[in-house]
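Here the structure comes first, spelled out in structure tokens, and everything after it is commentary.
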Amino acid sequence: MNADTRFPHLDLEDLIAGAAGQPVGGRVRAHLAGCEHCQREANRWNLVADGVRGLADAAPGAAPPARPRRTGRRVPAGTWRRAMVAAGGAAAALVLLAGIGEATGYVHVHLNGPGTQTALTAVTGCTELQQADGTLEQVNGGSLVVKTATGQPVTVTTTAATFVSMSGPLLSDITDGAPVTVRGSSSGGTIAAVIVTVGQPFSAVNPPGFVPVQGTVADASTGGFTLVTSGGTRVPVTTSGSTLVIVPHASPGQLRAGASIFAVGHAGPGGTLTAQAVAAVSQLPSGRLTTVSVRDCSARSVTEALGAIAAAPVTGR
Amino acid sequence: MGDPRGDASAAIFAASRGGAGGGASLLVRRIGEGDEDAMAEFYREHGRVVLAQVLLVTGERVLAEEIVQDTMLAVWRGAGSFRGESSVRSWVIAIARRQARDRLRGRRLRVVDDAFLADQPGTGPGPEAMALDRAELAEVMSAIRDLAPAHREVLGLAFGSGLSLPEVAGVLEIPVGTVKSRLTAARTALNRILDQKGQNR
Numbered sequence: 039m040n041a042d043t044r045f046p047h048l049d050l051e052d053l054i055a056g057a058a059g060q061p062v063g064g065r066v067r068a069h070l071a072g073c074e075h076c077q078r079e080a081n082r083w084n085l086v087a088d089g090v091r092g093l094a095d096a097a098p099g100a101a102p103p104a105r106p107r108r109t110g111r112r113v114p115a116g117t118w119r120r121a122m123v124a125a126g127g128a129a130a131a132l133v134l135l136a137g138i139g140e141a142t143g144y145v146h147v148h149l150n151g152p153g154t155q156t157a158l159t160a161v162t163g164c165t166e167l168q169q170a171d172g173t174l175e176q177v178n179g180g181s182l183v184v185k186t187a188t189g190q191p192v193t194v195t196t197t198a199a200t201f202v203s204m205s206g207p208l209l210s211d212i213t214d215g216a217p218v219t220v221r222g223s224s225s226g227g228t229i230a231a232v233i234v235t236v237g238q239p240f241s242a243v244n245p246p247g248f249v250p251v252q253g254t255v256a257d258a259s260t261g262g263f264t265l266v267t268s269g270g271t272r273v274p275v276t277t278s279g280s281t282l283v284i285v286p287h288a289s290p291g292q293l294r295a296g297a298s299i300f301a302v303g304h305a306g307p308g309g310t311l312t313a314q315a316v317a318a319v320s321q322l323p324s325g326r327l328t329t330v331s332v333r334d335c336s337a338r339s340v341t342e343a344l345g346a347i348a349a350a351p352v353t354g355r
Numbered sequence: 634m635g636d637p638r639g640d641a642s643a644a645i646f647a648a649s650r651g652g653a654g655g656g657a658s659l660l661v662r663r664i665g666e667g668d669e670d671a672m673a674e675f676y677r678e679h680g681r682v683v684l685a686q687v688l689l690v691t692g693e694r695v696l697a698e699e700i701v702q703d704t705m706l707a708v709w710r711g712a713g714s715f716r717g718e719s720s721v722r723s724w725v726i727a728i729a730r731r732q733a734r735d736r737l738r739g740r741r742l743r744v745v746d747d748a749f750l751a752d753q754p755g756t757g758p759g760p761e762a763m764a765l766d767r768a769e770l771a772e773v774m775s776a777i778r779d780l781a782p783a784h785r786e787v788l789g790l791a792f793g794s795g796l797s798l799p800e801v802a803g804v805l806e807i808p809v810g811t812v813k814s815r816l817t818a819a820r821t822a823l824n825r826i827l828d829q830k831g832q833n834r
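Read top to bottom, the protein sequences are chains A and B.
Be aware that the first sequence starts at 39, since it is given in this note's numbering, and climbs by one per residue.
Be aware that the second sequence starts at 634, since it is given in this note's numbering, and climbs by one per residue.
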């Protein structure tokens, strides 16, 4: 059957609209029913459209539609929701974004400064993991009391296996005899420290752009210290209020009240969080968003993600 | 006897595959007022489509997710400035496109050239010798991945995002006629890829 010759063939706009699933008029339908040429064209565009949609459907995590995570071992009613929503609007948006990762197995950490405008979105795809973030109010042994932006206190408990890192202008943590890694600019034999990592280095905390120099601390003072290398060389190091001190393997007792806490772990009794990893940042960068992504839900991945937060004040500069 | 095809157009043009959704502007207004539940609803409504589009263009999963996250942050922060001059869906996709462009700026310096070439008519086989006519869906999906980013982008916007052609034009900041040219060029390129793959089998 030939097309109704009173009308020309369908134009591209009609074909595209049809393939896109948008409404087409009676004229288009009538013509299409009798025009083999336009049927072929429509079928071609339909196949292209199906290919596009097929890719979208095939994309991991694209189906079913992403949703904020509301299932699993979430503590009901309020506490955890508020804890996860964390502070401020940006935090809320980020928490909602967890849905994408939930289906894909990616862990995302968004860190947004300054001050209490902090947010952590993690988990996603990690159905057993929960998160909490806020400001550290106090430390009771291995337990941290974290106050979320909404004022809701959350208890984060740590164990011997919990990875705890901290960072900030923590110059008092640079003490004589401590093993350190110094990153900074060298001039006249003196290093002006940008980052000082105290204790055992952590691979995820390795901001680019600096040549690390390792040694132990001697003659520590408020203005700097002497770095004694393994070969016995003594290198003067100056520090300032802008020097970032990172302690990749800290103990809960070292954490300072007022630090921004990011914790990921498993829901415990009474609305607590048994942390797999905790990052405490005493001075968040302002006006910038840092993203850390890792691929799976393993303790190692989560640890690396939180460990990387420690360097965020520098890596995003 | 009636036409055995019956309402052939109904079969050829499948049912509506969804769009931007009504009441969307109200949703954005609620987001602008700080309503977290509205943001959740917005994400459910648009997150998947935006991710699919960004992923289609970038081809990189982690990058696409980060772009979507940044996009949703921009929505949260910018909802108060939404004037309703475009559909919400095209608004959020335009935001995602800008986010992707910013991210990719350092990598792809010849975006303008790519876009120019993307609009040029192809020299592939004529409509009667379409490799598309013989292709399976899986082959088409594979071939789409091999297209230039500008072609993937326009196909995604036209067929995966629920946007009308004028809305696609708005997102791409080009005239509707250029959108049509780019779509045609994309299909020609797709056909050529399918043809080459078919010859290599």
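Every residue gets a Cβ at the ideal spot worked out from N, C-alpha and C, and that includes glycine.
Query	Result
Taking only beta-carbon positions, decide if Arg820/B is within less than 8 Å of chain A.	yes
Can you list, in chain order, the residues of its chain whose CB lies under 8 Å from that of Asp211/A, leaving out five sequence neighbours each side?	Val236, Val283, Val285 and Gln292
Answer yes or no: does any C-beta atom of chain A fall closer than 8 Å to that of Leu781/B?	The sequence shown places Ala at residue 781/B, rather than the Leu named in the question. Output row for Ala781/B: interface = no.
Listing by chain order, which chain B residues have their CB less than 8 Å from the CB of Arg65/A?	Near Arg65/A there are no residues of chain B at all, since even the closest Cβ is about 11 Å away, more than 8 Å.
At least one CB of chain B closer than 8 Å to the CB of Val86/A: is that the case?	yes
Would you say Leu149/A reaches chain B, if we count a Cβ-Cβ gap shorter than 8 Å as a contact?	Because the pLDDT at Leu149/A is just 42, under 50, the model does not fix this residue reliably, and the value given afterwards should be weighed accordingly. Not one chain B Cβ lies under 8 Å of Leu149/A.
With respect to the alpha helix (DSSP H) encompassing Glu666/B, which residues constitute its N-terminal and C-terminal limits?	First-last for Glu666/B: undefined, no H or E at that position.
What residues in the stretch 286-299 of chain A bring their beta carbon closer than 8 Å to a beta carbon of chain B?	none
Would you call Asp178/A buried or exposed, if buried means 16 or more other Cβ atoms sit within 10 Å of its Cβ?	The sequence given here places Asn at residue 178/A; Asp does not occur at that position. Burial call: exposed.
May I ask you to list, following chain order, the residues of the stretch 655-672 of chain B that have a beta carbon less than 8 Å from some beta carbon of chain A?	Gly667, Glu669 and Met672
Within a Cβ cutoff of 6 Å, which residues of the same chain sit near Ser775/B, ignoring the five residues on either side of it in sequence?	none
If contact is defined by three or more beta carbon pairs under 8 Å, each pair taking one atom from either stretch, is the stretch 186-200 of chain A in contact with the stretch 219-226 of chain A?	no
Under the rule that 16 or more other beta-carbon atoms within 10 Å means buried, what is Leu659/B, buried or exposed?	exposed
Short check: CB of Ile299/A to CB of Ala791/B, under 8 Å?	no
Of the residues that make up the stretch 707-724 of chain B, which ones have a beta carbon closer than 8 Å to any beta carbon in chain A?	Val708, Trp709 and Arg710
Are at least three pairs of beta-carbons, each pair with one atom in the stretch 764-775 of chain B and one in the stretch 796-815 of chain B, less than 8 Å apart?	no
In terms of residues, what are the limits of the beta strand (DSSP E) holding Gln176/A?	Gln168 to Asn178
Select from the stretch 49-64 of chain A all residues with a C-beta closer than 8 Å to any C-beta belonging to chain B, and list them in chain order.	Leu50, Glu51, Ile54, Ala55, Gly56, Ala57, Ala58, Gly59, Gln60, Pro61 and Val62
Evaluate Ala819/B with the Cβ neighbour count: other Cβ atoms within 10 Å of its Cβ, from every protein chain shown; 16 or more gives buried, anything less gives exposed.	buried
Can you name the residues of chain A whose CB is closer than 8 Å to the CB of Lys813/B?	Leu50, Glu51 and Ile54
Does any C-beta atom of chain A lie closer than 8 Å to the C-beta of Asp766/B?	yes
Along the chain, where does the beta strand (DSSP E) that runs through Ile229/A open and close?	Thr228 to Val236
In chain A, what lies closer than 8 Å to Val874/B by C-beta?	The question about residue 874/B has no answer, for chain B in this structure spans 634 to 834.
Does Arg82/A have its Cβ less than 8 Å from a Cβ in chain B?	yes
The alpha helix (DSSP H) spanning Met204/A covers which residue range?	From DSSP, Met204/A is part of no alpha helix (DSSP H) but of the beta strand (DSSP E) over Phe201 to Gly206.
According to DSSP, is Leu48/A part of a helix, a strand, or is it coil?	coil
Based on the DSSP output, what are the partners of His679/B in its beta bridges?	DSSP, once it has assigned bridges, lists no residue as partnering His679/B.
Between Thr691/B and chain A, is there a C-beta pair that is closer than 8 Å?	no
In this structure, how does DSSP classify Asp95/A when only helix, strand and coil are distinguished?	helix
Tell me whether Ala256/A is buried or exposed, calling it buried when 16 or more other Cβ atoms sit within 10 Å of its Cβ.	exposed
Would you mind giving the Cβ-Cβ distance between Val234/A and Thr271/A, rounded to the nearest angstrom? I have them listed as a contact below 8 Å.	Between Thr271/A and Val234/A the Cβ distance is about 17 Å, and since that is not below 8 Å, they are no contact.
If we cut at 8 Å on Cβ distances, does Ile777/B have a partner in chain A?	yes
CB-CB under 7 Å to Gly215/A, same chain, minus the five flanking residues each way: which ones, in chain order?	Thr254 and Val255
Any heavy atom of the ligand FAD closer than 7 Å to the beta-carbon of Gly92/A?	Looking for the ligand FAD in the displayed structure turns up nothing, as the structure carries no ligands at all.
Identify the residues that DSSP records as bridge partners of Arg221/A: which are they?	Ile233/A
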